[in-house]
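Enquirer:
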Amino acid sequence: MPVTLHYLSASPALAALAIANTDETTLVAHASASELCAATGAPASLGAGVEVVASLGKRLITGLPSVLRLLARTSPLASAAPAASPDPLAEAWRLSEIDAWVDYAVANVKKGQTLAHQLAALDGFLKTRTYLVGHKLTVADAALWGQLAAAKNQMESLCRMHNLVHVQRYFDHVHAQTQFAAAFDAHSALAKREAEIKAKAAKRTAEIEKKKESGGVLKDTGGSFDIGLQDAKMGEVCTRFPPEPSGYLHIGHAKAALLNDYFAKEYKGKLIVRFDDTNPSKEKDEFVDNIMKDIKTLGINYACVTYTSDHFEDLIKMGKKLIEQGKMYVDDTDVDTMRDERMKGIESKCRNLDVKENLRRWDEMLAATEFGQTCAARFKMDMKSNNKTLRDPVAFRTNLTPHHRTGTKYKCYPTYDCACPFVDAKEGVTHALRTTEYKDREAQYYWVTELMGVRKVHIWEFARVNFIQTVMSKRKLQWFVDQGIVDGWYDPRFPTVQGMVRRGLTIAALREFMLTMGASRNVINLEWDKLFVVNKRVIDPTCPRHTAVSRDRKVMWKLSDGPAEVEYRTVPKHKKNESLGTKLTAYSNKIWIDLDDAVQLENGMEVTLMDWGNAVVDEVVRSGDSVVEIKGHLHLEGDVKTTKLKLTWLADTPELVPVQVKEFGMLVTVKKIEEDTKIEDVVNKNSLKTYYVLGDANMRGLQNGQHLQLERKGFFYVDKAYTKEGEPMILHFVPSSGKDFDKGDGNKKEAAAPAKKQAPAAAADGGGKKKEKKEKGAAAGGEGRKGPPSAEEIAAMKAAKQAEIEKKLIKDVTKEGGKKGVEIEGAADMGGLEFFCTTMEKPDGELKFLKMSMEAMNEVPDPEGEERRGGSGHVGKMLFSAGTEVMSMVAYVPKDKQNRINATEWLKSVCGDAGVKGELQAGGDAGLATAIAKANPDAGMFTIKMKDAAMAHGFSYLRERGCFPEDTGDDDDDGGEYVYGDDDFPS
């Protein structure tokens, strides 16, 4: 009698359907759980909890794990077992492993907030495996595939963000098996949605083409990647990443590389890495090698590596051809005069030389004769153009410095503006992504393309990323290297990829951070802490916990009843992630604690020794204002919840690991580095702090490049592992908040002043403290009463505590324009509009608090004394709190602007955007309105993307109503580009 598999059509159990999709098994779909129970006779009490039932006559097996265990023993996949294994124990063991994986997958691998952690753990396991159990496909693989397939959108997004290549490879392999692909296509609602999304994408492309044909302008999409690459065809897109080998890659280059890589993958095309080596004076093989190392670190997948120098011969032939056609001339005007004439639109005296004379001069340039070295070949464009890049730019110049690849073969080299369009066309590039600083050169790029008669390449500009108080110029970074202020281009204070990795930044966090910004054209000015907040979220779940005490500022605590001989016990490396394993902790009657903790102790005080229990201080032995020894005893039966101090400690053993710790500050003292800034005048001479600690013995097993957390001290990166007695391990402090970037203090010793005391429990002889405690009790209405507080009193205390929390958070939001206590994702001042976009620490995405924050912001004057009520010309504000599942929105319009904009109508329009799908809340008016939007990961609706869509729509709404001026292109150096960031926030 064949088995019948009953399942819910709305949420099919993909794993079971894929395995059971054979002639021997009958599949029956049901519209609801109640219908399924009625048809099979399964207990109605199962209700919505039932998703699949296997029946054999009247015999039933219910629930996905149980059904999968049945199929592991009866399905065709069961034949994956070793043929007629003579060892029944081995077969039982194999089936038990499969059962364990089934239970794990069904219980843990689900879409939602925990999926990222599960995928990270799986990625490590799958690194050297094709299948979960043995060397063939089993039901264990089917179970995991089914769970991943049900969360396919989120899973693939997380794999891209965190570079989880092994999970993605594993899923793709299993998904490619015929029976799995068929089950997914036939039963998955996600497959249907993907088909709908592709149809919508095709429709969007058609709309873009139609709009371009009619002369329409495509709008910038903010932080989204939906930029509508012109003429992009699936499988035919070719992008290029063209670094100049004159330095290491920094974080700005990383964004360019990741964007080009992203679009090449999205369109199933290819990416070319091309070294723009047209200036031999600045280029070295060292830089080529390290750029390739950085590209590998970033996880960039490229089709090939090329060099502009591969095309020198063809470029020189093209130069001669352009001279012969009268499109290029050779000019011996000196540099200063040429620059002045270009600024004034004055034609050079050499512009109308005949072809014969230009060719003679060209030959002298190629030979680098004395006269040839005074010449430059210039394109003949338009000296009267308002776009000064078109005023006969230089195309070739001489340089006698040997080239890092071609040596002295060439002495005349093309400029980037000459070579780039030619090589792009020749190498088959279809789309060139460039930063907005090249906006004025776009016309020049296309002009060169036409002059040379080569294929047109589409250009899309995106904003470069700027970080405050950071040097990004390679020339200025080289100065720091040359002066010996830093160790090299890989110094942790440098914004280079190698430097940031040594500062503890993970590539997964960098990729996530850059990709969430999208291909926006808005110039971005950011604080470093925004990036490292993402980094903390990445490393925290997988960082082993360790303990360290200061080497030079430690105090012995002698425990009268502690173990006389050192004892070892096993404790988890991470209490919230058991998969990291365990570590051995030493216990003794002599332990070390930090002096900063010791000075807070008082006689009779009870504290908690972390990972041990409570202990009581019997005597604090002092010498002047310092503490030299602590005496006490254990009180392990004490309640750890009642102690004020939780102390880290280490047993006094010879196995402790010597550690050198380095903390880094910023290299410069000013927020913004201008082009004319003299670096030597703004160097931070106190950007490095070095000190020593002793670490627990388990730190001997840490490897280079590993992250860890030292309890109560922060996160660290292992720059040099402990491999040799006498040579300390080197740890780099990993920042996780804004204040962490001011750690360096010029190699000063650790401050001798004691830390501010954590309010300790009253000492036995502390009469004053007892009195203070009594007065507090009286204020709470508890004086003279025995027994626990009443329910009303408990509720009142909770309400008071919540009010205190909210008060502090609101204060943090409003203080200094919201810079403290709130992560400002983006802020823009556009002459009448401010957007504030926040991610609150707590509560996450709560509308009530968001509204309170908005009201507080508009009641508190800014540091200049100007009230934020629209008085400075702002039309209105929108504030966003983007949690993981819900995005809250508040719109505000000051009273004197409500004749132009209605807050409710404004927010209602934003909610109607297809990328937001928000729900307007009741009670709004012309001045203040609120709304919420719920995330839908299955449909690709993540709050970070919803925020971008909301901001873009909000801009469009105001622009359509003429509420802020259009770009003029002449008001600043950014060519009218909108400026994002909080350098000048609020304006």
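Here full-length UniProt numbering is used: the first residue of the sequence shown is 1, the next is one more, and so on. Glycine residues also receive a C-beta, built at the ideal position from the N, C-alpha and C atoms. Quantities reported herein were computed from a predicted structural model and do not represent experimental measurements.
1) Taking C-alpha atoms, which residue in Arg622, Glu637, Ala368, Val682 lies nearest to valine 616?
2) Around the C-beta of lysine 641, are 16 or more other C-beta atoms found within 10 angstroms, so that it is buried, or is it exposed?
3) By Cβ distance below 8 Å, which residues in the same chain neighbour leucine 601 in space, the five residues on each side in sequence not counted?
4) Run the CB neighbour count on glycine 372, radius 10 Å, all protein chains shown included, and call it buried at 16 or more, exposed below.
5) DSSP state of lysine 110, grouped into three classes?
6) Are residue 992 and leucine 64 touching if we call contact CB-CB under 8 Å?
7) Below 8 Å, can you find three or more Cβ-Cβ pairs linking the stretch 389-406 to the stretch 278-288?
8) Nearest by alpha-carbon distance to tyrosine 568: which of Tyr587, Met343, Lys349 is it?
9) Jot down the residue ranges of each uninterrupted beta strand (DSSP E) in the stretch 426-452, minimum 3 residues, whole runs only, in chain order.
10) Quick check on this structure: which residue in Lys152, Ala929, Glu674, Val139 has the alpha carbon closest to the alpha carbon of isoleucine 468?
11) Give the DSSP bridge partners of leucine 8, in chain order.
12) Below 8 Å on the Cβ atoms is my contact criterion, and I expect tyrosine 692 with proline 658 to pass it. Report the Cβ-Cβ distance as a whole number of Å.
13) Of all the options Arg464, Trp649, Thr408, Glu437, which has the alpha carbon lying nearest to the alpha carbon of lysine 558?
14) If we ignore side chains and look at the alpha-carbon of each, how far apart do alanine 952 and tryptophan 528 end up?
15) Buried or exposed for methionine 234, going by 16 or more other Cβ atoms inside 10 Å?
16) Using only alpha-carbon positions, find the residue among Arg342, Thr943, Gly927, Ser66 that is nearest to lysine 895.
17) Buried or exposed: serine 687, going by 16 or more other Cβ atoms within 10 Å of its Cβ?
18) Which residue's Cα is closest to the Cα of alanine 254: Phe241, Arg961, Ala264?
19) Taking the alpha-carbon of serine 473 as reference, which of Tyr957, Asp676, Val133 has the nearest alpha-carbon?
20) Answer with buried or exposed for alanine 15, where buried requires no fewer than 16 other C-beta atoms within 10 angstroms of its C-beta.
21) Can the beta-carbon of residue 990 be found less than 8 Å from the beta-carbon of alanine 232?
22) Would you give the residue range spanned by the beta strand (DSSP E) that serine 550 belongs to?
23) Could you name the residues that DSSP lists as bridge partners for leucine 731?
24) So, for phenylalanine 171: in the same chain, excluding its five sequence neighbours on each side, which residues have a beta-carbon less than 6 Å away from its beta-carbon?
25) Pick out whichever of Asp948, Val133, Ala143, Asp417 has its Cα sitting closest to the Cα of asparagine 108.
26) Could you name each continuous beta strand (DSSP E) segment of 3 residues or more that falls completely within the stretch 283-367, going from the start of the chain to the end?
27) Would you kindly work out how many angstroms separate the C-alpha atoms of glutamate 919 and methionine 941, rounded to a whole number?
28) Just curious, the beta strand (DSSP E) that isoleucine 539 is in, first and last residue?
29) In this structure, does DSSP put threonine 406 in helix, strand or coil?
30) Please state whether the Cβ-Cβ distance between threonine 308 and valine 457 is less than 8 Å.
31) Roughly how many whole angstroms lie between the Cα atoms of threonine 943 and tryptophan 479?
32) For phenylalanine 494 and methionine 500, I'd like the C-alpha separation in whole angstroms.
33) Verify whether the separation of the beta carbon atoms of isoleucine 539 and threonine 506 is less than 8 Å.
34) Among Gly714, Arg961, Leu17, which has the Cα closest to the Cα of alanine 548?
35) Can you tell me which of Lys384, Tyr416, Thr297 puts its alpha carbon nearest to the alpha carbon of lysine 315?
36) Report the partner residues of lysine 270 according to the DSSP bridge assignment.
Expert: Well, looking at it:
1) In the sequence shown, residue 616 corresponds to position 616, counting from 1. Nearest C-alpha to valine 616: Glu637.
2) Indexing the sequence shown from 1 puts residue 641 at position 641. Exposed: under 16 other Cβ atoms inside 10 Å.
3) Within the sequence shown, the letter at position 601 stands for residue 601. Val607, Val617, Val620, Val627, Ile630, Leu645, Pro760.
4) Start at 1 with the first residue of the sequence shown, and residue 372 comes out as number 372. Burial call: buried.
5) The residue given as residue 110 occupies position 110 in the sequence shown. The three-state secondary structure of lysine 110, taken from DSSP, is coil.
6) The structure shown does not extend to residue 992, since the chain spans only 1 to 987, so no value can be given for it.
7) They touch, by the three-pair rule.
8) Mapped onto the sequence shown, residue 568 falls at position 568. In this structure, Tyr587 is the residue among Tyr587, Met343, Lys349 with its C-alpha nearest to the C-alpha of tyrosine 568.
9) For the stretch 426-452, whole beta strand (DSSP E) runs of length 3 or above, ordered along the chain, are 431-435.
10) Taking the sequence shown and counting its residues from 1, the one referred to as residue 468 is at position 468. Looking at Lys152, Ala929, Glu674, Val139, the one whose alpha-carbon comes closest to that of isoleucine 468 is Glu674.
11) For the purposes of this step, residue 8 is taken as residue 8 along the sequence shown, with counting starting at 1. Beta-bridge pairing links leucine 8 to His30.
12) Taking the sequence shown and counting its residues from 1, the one referred to as residue 692 is at position 692. Taking the sequence shown and counting its residues from 1, the one referred to as residue 658 is at position 658. The pair is a contact, with the Cβ atoms about 7 Å apart (cut-off 8 Å).
13) Here the question's residue 558 lines up with position 558 in the sequence shown. Ranked by how close their Cα comes to the Cα of lysine 558, the residues Arg464, Trp649, Thr408, Glu437 have Trp649 in first place.
14) Working through the sequence shown from its first residue, we reach residue 952 at position 952. Working through the sequence shown from its first residue, we reach residue 528 at position 528. Taking the Cα positions, alanine 952 is about 24 Å away from tryptophan 528.
15) Against the sequence shown, residue 234 aligns to sequence position 234. The C-beta of methionine 234 has fewer than 16 other C-beta atoms within 10 Å across all chains shown, which makes the residue exposed.
16) The residue given as residue 895 occupies position 895 in the sequence shown. In terms of Cα proximity to lysine 895, the closest of Arg342, Thr943, Gly927, Ser66 is Gly927.
17) Residue mapping note: residue 687 aligns to position 687 of the sequence shown, counting from 1. Buried: at least 16 other Cβ atoms inside 10 Å.
18) Mapped onto the sequence shown, residue 254 falls at position 254. Out of Phe241, Arg961, Ala264, Phe241 has the C-alpha closest to the C-alpha of alanine 254.
19) On the sequence shown, position 473 is the one that residue 473 refers to. Comparing Cα-Cα distances from serine 473 to each of Tyr957, Asp676, Val133, the minimum goes to Asp676.
20) Taking the first residue of the sequence shown as position 1, residue 15 is located at position 15. When all chains shown are included, alanine 15 counts as buried.
21) The requested residue 990 is not part of the displayed model; the chain covers only 1 to 987.
22) Residue 550 sits at position 550 when you count from the first residue of the sequence shown. For serine 550, the enclosing beta strand (DSSP E) starts and ends at 548-550.
23) Here residue 731 corresponds to residue number 731 of the sequence shown, with the count starting at 1. As computed with DSSP, leucine 731 is found in a beta bridge with Val661, Val718.
24) Stepping through the sequence shown from its first residue, residue 171 is reached at position 171. Excluding positions up to five away in sequence, the list reads Leu148.
25) Taking the first residue of the sequence shown as 1, we reach residue 108 at position 108. Ranking the options by Cα distance to asparagine 108, first place goes to Ala143.
26) Runs of the beta strand (DSSP E) spanning 3 or more residues and lying entirely within the stretch 283-367 occur at 304-307, 328-331, in chain order.
27) Working through the sequence shown from its first residue, we reach residue 919 at position 919. Working through the sequence shown from its first residue, we reach residue 941 at position 941. For glutamate 919 and methionine 941, the gap between their C-alpha atoms comes out near 15 Å.
28) Translated into positions along the sequence shown, residue 539 becomes position 539. Run containing isoleucine 539: none in the beta strand (DSSP E); it sits in the alpha helix (DSSP H), 528-539.
29) As a first step, residue 406 is located in the sequence shown; it is residue number 406 there, counting from the start. Coil at threonine 406, not helix or strand.
30) As a working note, residue 308 is residue 308 in the sequence shown. As a working note, residue 457 is residue 457 in the sequence shown. No, Cβ-Cβ distance for threonine 308 and valine 457 is not below 8 Å.
31) Here residue 943 refers to the residue found at position 943 when the sequence shown is read from its first residue. Here residue 479 refers to the residue found at position 479 when the sequence shown is read from its first residue. Taking the straight line from one Cα to the other gives about 42 Å.
32) Taking the sequence shown and counting its residues from 1, the one referred to as residue 494 is at position 494. Taking the sequence shown and counting its residues from 1, the one referred to as residue 500 is at position 500. So the two alpha carbons sit approximately 7 Å from each other.
33) In the sequence shown, the residue the question calls residue 539 occupies position 539. In the sequence shown, the residue the question calls residue 506 occupies position 506. Yes, these two residues count as a Cβ contact at 8 Å.
34) Locating residue 548 in the sequence shown gives position 548, counting from the first residue. Alanine 548 has its Cα closest to that of Gly714, out of Gly714, Arg961, Leu17.
35) Against the sequence shown, residue 315 aligns to sequence position 315. Note on residue identity: the sequence assigns leucine, not lysine, to residue 315. Leucine 315 has its Cα closest to that of Tyr416, out of Lys384, Tyr416, Thr297.
36) The residue given as residue 270 occupies position 270 in the sequence shown. Paired residues: Cys238.
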